[in-house]
Amino acid sequence: MAAADPLSLYNRKRDFTRTREPAGKRGRGRGNNFIVQKHDATRLHYDFRLEMDGVLKSWAVTRGPSLDPGDKRLAVRTEDHPLSYAGFEGTIPKGEYGGGTVMLWDEGRWEPVPGKSAKDLDKGHLHFILHGTRMQGEWLLIRLKPKGREKHENWLLRKIDDAYAASADTLTARELTSVKSGRTMGEIAAGAPSVSLKGKKGKAFDAAMAKAAAATPAKASARARPPKPPGFQPPQLATLVDAVPTGSGWMHEIKYDGYRCLLSVAGGKATIFTRTGLDWTGRFADIASEIGGMDLPPALIDGEIVALDDEGNPDFSTLQRTLKGEGQAALHLFAFDLLRLDGQDLTDQPNITRKEKLAALLGDGTAHIHFADHVVGAGEKLFHALCEAGQEGIISKRADAAYRGARTKNWLKVKCTRRQEFVVVGWTPSSASGRAIRNLLLAQNESQGLVYAGKVGTGFNLANSEELVAALARRSRKTAALPVPRSETRGVKWVRPDLVAEIAFAEFTADHVVRHASFLGLREDKAARDVTAEKAMPTPQPRSDVTISHPDRLIFPEAKISKGQLADYYAAMGGAMLPWIAGRPISLVRCPQGRAKKCFFQKHDSGSFGDHVKHVPIREKDGSKEDYLYVEDTDGLIACVQMGAIEFHGWGSLVRDVERPDRMVFDLDPDEGLDFGDVKKAARDIRRALDDLGLTSFAMLSGGKGVHVVVPLTPEAEWPQVKDFADRFARALAASEPDRFTATMSKAKRKGRIFIDWLRNQRGATAVLPYVVRARELAPVAAPVSWDELADMDGAAHFTVKDVAALLDRASSRALRGWGVARQLLPAV
Numbered sequence: 019m020a021a022a023d024p025l026s027l028y029n030r031k032r033d034f035t036r037t038r039e040p041a042g043k044r045g046r047g048r049g050n051n052f053i054v055q056k057h058d059a060t061r062l063h064y065d066f067r068l069e070m071d072g073v074l075k076s077w078a079v080t081r082g083p084s085l086d087p088g089d090k091r092l093a094v095r096t097e098d099h100p101l102s103y104a105g106f107e108g109t110i111p112k113g114e115y116g117g118g119t120v121m122l123w124d125e126g127r128w129e130p131v132p133g134k135s136a137k138d139l140d141k142g143h144l145h146f147i148l149h150g151t152r153m154q155g156e157w158l159l160i161r162l163k164p165k166g167r168e169k170h171e172n173w174l175l176r177k178i179d180d181a182y183a184a185s186a187d188t189l190t191a192r193e194l195t196s197v198k199s200g201r202t203m204g205e206i207a208a209g210a211p212s213v214s215l216k217g218k219k220g221k222a223f224d225a226a227m228a229k230a231a232a233a234t235p236a237k238a239s240a241r242a243r244p245p246k247p248p249g250f251q252p253p254q255l256a257t258l259v260d261a262v263p264t265g266s267g268w269m270h271e272i273k274y275d276g277y278r279c280l281l282s283v284a285g286g287k288a289t290i291f292t293r294t295g296l297d298w299t300g301r302f303a304d305i306a307s308e309i310g311g312m313d314l315p316p317a318l319i320d321g322e323i324v325a326l327d328d329e330g331n332p333d334f335s336t337l338q339r340t341l342k343g344e345g346q347a348a349l350h351l352f353a354f355d356l357l358r359l360d361g362q363d364l365t366d367q368p369n370i371t372r373k374e375k376l377a378a379l380l381g382d383g384t385a386h387i388h389f390a391d392h393v394v395g396a397g398e399k400l401f402h403a404l405c406e407a408g409q410e411g412i413i414s415k416r417a418d419a420a421y422r423g424a425r426t427k428n429w430l431k432v433k434c435t436r437r438q439e440f441v442v443v444g445w446t447p448s449s450a451s452g453r454a455i456r457n458l459l460l461a462q463n464e465s466q467g468l469v470y471a472g473k474v475g476t477g478f479n480l481a482n483s484e485e486l487v488a489a490l491a492r493r494s495r496k497t498a499a500l501p502v503p504r505s506e507t508r509g510v511k512w513v514r515p516d517l518v519a520e521i522a523f524a525e526f527t528a529d530h531v532v533r534h535a536s537f538l539g540l541r542e543d544k545a546a547r548d549v550t551a552e553k554a555m556p557t558p559q560p561r562s563d564v565t566i567s568h569p570d571r572l573i574f575p576e577a578k579i580s581k582g583q584l585a586d587y588y589a590a591m592g593g594a595m596l597p598w599i600a601g602r603p604i605s606l607v608r609c610p611q612g613r614a615k616k617c618f619f620q621k622h623d624s625g626s627f628g629d630h631v632k633h634v635p636i637r638e639k640d641g642s643k644e645d646y647l648y649v650e651d652t653d654g655l656i657a658c659v660q661m662g663a664i665e666f667h668g669w670g671s672l673v674r675d676v677e678r679p680d681r682m683v684f685d686l687d688p689d690e691g692l693d694f695g696d697v698k699k700a701a702r703d704i705r706r707a708l709d710d711l712g713l714t715s716f717a718m719l720s721g722g723k724g725v726h727v728v729v730p731l732t733p734e735a736e737w738p739q740v741k742d743f744a745d746r747f748a749r750a751l752a753a754s755e756p757d758r759f760t761a762t763m764s765k766a767k768r769k770g771r772i773f774i775d776w777l778r779n780q781r782g783a784t785a786v787l788p789y790v791v792r793a794r795e796l797a798p799v800a801a802p803v804s805w806d807e808l809a810d811m812d813g814a815a816h817f818t819v820k821d822v823a824a825l826l827d828r829a830s831s832r833a834l835r836g837w838g839v840a841r842q843l844l845p846a847v
């Protein structure tokens with residue numbers, strides 16, 4: 019008896035005298051492709067399809083896939099589709115089954131997790147790994163028990179908590195264009211040909227699909243790439259200290275146990291430099307190929323290449339064995355800084371700002387390319403957790419510091435165990451044959467030259483001893499290259515001092531000799547002349563040379579919040595604020611006697627604010643120039659508080675290019691008769707309208723009455739174009755729903771409506787910035803929220819100064835990762 023045709027249901031559901039779709043035919047392949055098609059039919063959904071047994075097993079995911087492991091998205095099982103459907107992007111005419119716009123939203127390959135099988139699908143569950151452009155890592159499909167007379171199989175699609183997990187908004191809210199053509203849903207609907215598939219089967223259907231693909235314009239690039247990727251520049255190095263620095267002005271990362279590298283990328287080309295500028299692309303060819311496959315714009319990325327041990331921890335010895343061909347561990351890149359992007363030097367921008375841009379650039383990364391996460395404050399907690407896990411330690415970085423190609427105290431390293439590099443100056447064989455090593459004699463450079471530092475006699479094995487003996491034999495010399503105590507020279511073979519070894523040890527003795535030392539491996543990325551003793555410096559104390567006068571003066575009498583407490587809030591939140599405020603012209607709301615007294619707006623300064631508050635000359639309408647205020651670090655914020663500032667409002671552009679905005683803001687200002695639910699609905703509607711134009715947007719509680727919808731921009735369009743777009747966008751929304759919206763400032767026109775304030779998107783206009791305290795009762799704060807979180811917010815003043823701990827935790831949370839960052843151009847509409 020012949021097996022049932024898996025596409026029979028697909029065929030039965032379609033009237034091929036009316037529909038343009040094909041009569042399905044089962045394929046012969048045994049591939050493992052997957053696709054996701056964004057489908058605007060009766061309702062917008064995402065069709066998730068896995069290739070199995072010559073067909074595409076399909077589910078309609080009503081809200082689209084979520085990267086939040088706590089999200090269980092309903093996935094309704096639909097009929098199997100032909101394999102040829104995998105390339106389809108276009109329109110299905112209205113009135114036909116599935117009529118609407120179809121976008122190829124993601125594609126790649128899939129595989130069951132080890133120990134599982136595609137056959138598990140028949141049992142009602144499938145645990146699998148995706149290698150897509152957007153969806154990656156482990157996922158789970160689970161069939162629900164049917165209820166009553168349900169006609170469809172209901173499943174749940176859920177992300178497993180792994181390195182690719184993120185907030186619910188990360189995918190569907192920020193990925194708005196086709197992976198195939200770069201077009202939005204609106205562009206596909208307006209410009210894509212209606213592909214007729216009516217009555218086509220087999221090869222004819224495949225040919226029609228190929229024709230549709232050929233008619234689809236090539237994926238547009240939103241950037242013009244220079245012909246050459248960035249060149250090498252010296253990396254910043256960290257200073258060893260004896261304790262973790264405290265305070266929220268520091269961000270803390272894992273100290274990765276591998277090889278430091280700089281990656282120069284542009285499109286499909288990638289070059290990997292060591293920290294001394296050697297080209298090691300060939301040695302890390304898989305990493306170079308994988309990051310080249312990400313098709314990044316010209317960028318210079320700082321990071322560390324590591325190999326992971328059996329427990330998933332970076333391990334230098336595993337890395338060494340892999341590079342020598344003695345092991346099979348996969349190499350991983352953890353990227354933690356961004357020095358250049360699209361021809362722009364980022365090194366003078368705050369550290370945390372560079373990391374925000376790096377996170378946006380890498381997105382979810384790949385299987386072996388990762389964004390190095392960090393925490394702001396709470397460094398001691400991270401340090402102890404890593405030490406308990408047997409890791410090397412942490413790197414602590416000032417959140418507001420620029421990048422400098424030298425060793426500085428803006429980057430600090432705190433080690434769980436003592437590890438340093440040493441120069442090998444001699445060795446003692448363990449047997450007469452001279453094929454095994456008893457110990458190595460070590461030295462380090464000091465002001466008077468090489469200084470003896472003791473011996474290491476453990477950490478050798480059959481594999482590394484053979485290589486070491488060969489390297490030592492090639493460097494043989496008759497005499498020692500430095501003075502060595504006579505008691506240490508018995509049986510020693512001296513060598514040329516140009517071999518560098520990494521050594522773990524318990525401590526230095528008073529004579530600067532290592533105790534309980536263990537050999538970890540040779541370092542090929544560091545020259546012997548650069549090997550010096552690392553001595554732990556005292557940890558810098560929290561810095562601020564800004565004195566707050568009258569710290570007990572009540573600024574918010576209702577909330578009992580003083581000037582000193584307001585300064586403490588901005589000191590704590592400074593690291594989180596810097597990506598949005600640093601290097602941006604600002605205006606201040608100053609209330610020297612407190613928020614209930616006289617307040618005024620200030621955007622110029624004659625110098626009374628002190629050195630921490632900077633000035634930039636900006637041309638006015640009459641052609642004259644005036645000095646506008648801006649800050650670069652947390653001390654600048656506190657200096658403004660000392661002068662009575664409460665609120666910080668920023669231009670939509672940065673001081674380095676004031677004529678090209680890097681964001682738009684639509685401020686939703688409700689009439690007094692409306693409640694916050696109306697505002698939230700309006701924000702979601704504006705988001706959808708922006709989605710249709712291919713613009714990713716983000717929500718922020720204003721701290722007042724409304725919500726700001728923030729649209730990041732790549733700063734290419736100038737102010738007149740941005741103003742014109744914002745004006746026409748707001749007026750189009752108001753015209754479409756005149757009972758809900760108005761785009762005019764007149765109070766008479768606002769009655770019962772929400773004013774879409776687009777006027778902040780013109781030269782010289784400002785908008786309140788993230789985490790800024792408002793000069794209102796109870797000290798509310800302008801707070802970023804994810805789109806999912808917005809639904810649960812009870813008002814625009816949900817957070818206050820007293821929520822500083824929660825706000826600080828939220829700033830580095832999964833829900834807000836990548837908030838406010840997107841590389842996108844203003845569309846031509």
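End of the sequence shown sits at 847 in the working numbering; the numbers just go up one at a time, nothing left out.
All C-beta atoms, glycine included, are put in the ideal place defined by N, C-alpha and C.
Check	Outcome
Kindly indicate the opening and closing residues of the beta strand (DSSP E) around C279.	Y277 to G285
Check whether the Cβ atoms of P368 and D418 lie closer than 8 Å to each other.	yes
To the nearest angstrom, how far is it from the Cα of I774 to the Cα of K699?	13 Å
Residues in the same chain with beta-carbon distance under 7 Å from Q338, minus the five sequence neighbours each way, listed in chain order, please.	G539
Spatial neighbours of L517 within its chain, please: C-beta separation below 8 Å, excluding the five flanking residues on both sides.	V441, V442, A489, L490, R493, L540 and A546
Does the stretch 700-708 come close enough to the stretch 779-794 that 3 or more CB-CB pairs lie under 8 Å?	no
Rounded to whole angstroms, how far is the Cβ of K90 from the Cβ of L174, which I believe are closer than 8 Å?	4 Å
Any chance you could list the beta strand (DSSP E) runs of at least 3 consecutive residues sitting entirely within the stretch 75-134, in chain order?	91-99, 108-110 and 118-130
Run through the DSSP bridge pairs and tell me what R436 is partnered with.	F523
Run through the DSSP bridge pairs and tell me what H149 is partnered with.	R127 and Q154
For the structure I just gave you, are there three or more beta carbon pairs, one from the stretch 657-665 and one from the stretch 564-574, closer than 8 Å?	yes
Just the C-alpha distance for L158 and D140, rounded to the nearest angstrom, thanks.	14 Å
Among L458, Y182 and P556, which one has its Cα closest to the Cα of R508?	L458
Can you grab the Cα-Cα spacing for the pair K621 / V729, in whole Å?	24 Å
By the 10 Å Cβ neighbour count, where 16 or more other Cβ atoms means buried, how is K433 classified, buried or exposed?	buried
Where does the unbroken alpha helix (DSSP H) through F743 begin, and where does it stop?	W737 to S754
Quick one: grab the DSSP three-state call for N369.	helix
So which of D391, L314 and F146 has the shortest CA-CA distance to G361?	L314
Please report how far the alpha carbon of S536 lies from the alpha carbon of R792, in whole angstroms.	57 Å
Spell out the partners DSSP gives G539 in its beta bridges.	E520
In its own chain, which residues sit with a C-beta less than 7 Å from the C-beta of H867, not counting the 5 before and 5 after it?	Residue 867 cannot be examined here, being either before or after the span of the chain that is shown, 19 to 847.
What is the DSSP secondary structure of K399, reduced to helix, strand or coil?	helix
Is M661 helix, strand or coil when you go by DSSP?	coil
Give the straight-line distance between the Cα atoms of L596 and I160, rounded to the nearest whole angstrom.	43 Å
Kindly identify the DSSP beta-bridge partner or partners of N51.	R127
Count the other CB atoms, across all protein chains shown, that sit within 10 Å of the CB of R835; report buried if there are 16 or more and exposed otherwise.	buried
I'd like the ranges of any alpha helix (DSSP H) spanning at least 4 consecutive residues and lying wholly in the stretch 622-696.	652-660
Give me whichever residues DSSP pairs with A851 in a beta bridge.	Limits of the chain in this structure are 19 at one end and 847 at the other, which puts residue 851 out of reach.
Closest to A829 by CA distance: which of D810, E807 and P802 is it?	P802
Of the residues F627, L364, I664 and T257, which one's Cα is nearest the Cα of Y646?	F627
Mapping DSSP to helix, strand and coil, what is A419?	coil
Excluding the 5 residues flanking A840 on each side, which residues of the same chain have their C-beta closer than 7 Å to its C-beta?	R192, A378, T714 and P730
How long is the line joining the alpha carbons of Q739 and L751, rounded to whole angstroms?	18 Å
Contact check, P733 vs D675 under 8 Å by CB: the rounded distance?	6 Å
Counting along the chain, where does the beta strand (DSSP E) carrying F177 start and finish?	The sequence shown places Lys at residue 177, rather than the Phe named in the question. From DSSP, the beta strand (DSSP E) with K177 extends over N172 to K177.
Can we count K581 as close to the ligand GDP, meaning its CB is less than 7 Å from some heavy atom?	The ligand GDP is absent from the structure shown, which contains no ligands of any kind.
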